[in-house]
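J.:
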Amino acid sequence: MRLAPEEMSQKLTGYEHNGVTCIGMKTDIPVILDEAIVKLDPDFFWLGGGEVDLKLGIRTSEFIDYVKPFIVSCGGT
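Be aware that the sequence shown starts at 1, since it is given in full-length UniProt numbering, and climbs by one per residue.
(1) For residue 101, which of Asp53, Ser9, Thr60, Glu51 has the nearest alpha-carbon?
(2) Taking the continuous beta strand (DSSP E) assigned at Phe70, which residues delimit it?
(3) For the stretch 3-54, which segments carrying the beta strand (DSSP E) assignment without a break, of at least 3 residues, lie completely within its bounds, in sequence order?
(4) Give every residue of the same chain whose Cβ lies closer than 6 Å to the Cβ of Thr27, excluding the five residues on either side of it in the sequence, and list them in chain order.
(5) Please go through the same chain and pick out, in chain order, the residues whose beta-carbon is closer than 8 Å to the beta-carbon of Gly19, but skip the five residues on each side of it.
(6) Which term fits Cys22, buried or exposed, when burial requires 16 or more other beta carbons within 10 angstroms of its beta carbon?
(7) Measuring CA to CA, which of Cys74, Pro69, Ser73 is closest to Pro30?
(8) With DSSP as the reference, identify every bridge partner of Ile64, one or two as the case may be.
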């Protein structure tokens, strides 16, 4: 797994580098959420907000209900 090159990322998401968010993307791209985030206590995390200086805070359970991500282990063990 790797990040898309900046130009491809902007074309697919509609967001500039360091401003990418999975909310309101230009195209329907599957979202992957690391299972470690699902286990956070409190049930809350931050993600990109669509602009470089904007971040969104959301309850993990609400994010899962809204985005319907694939939950996988992204850590190498």
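No residue lacks a Cβ here, since even glycine has one placed at the ideal position from N, Cα and C.
T.: So, from the data block:
(1) An answer regarding residue 101 cannot be provided, because it is not within the stretch 1 to 77 covered by the chain.
(2) 70-72
(3) Assignment of beta strand (DSSP E) within the stretch 3-54, counting only whole runs of 3 or more residues, yields 32-34, 45-51 in chain order.
(4) Leu12
(5) Gly48, Gly49, Gly50, Glu51, Val52, Leu54
(6) buried
(7) Pro69
(8) In the DSSP output, where bridge partners are listed per residue, Ile64 has none listed.
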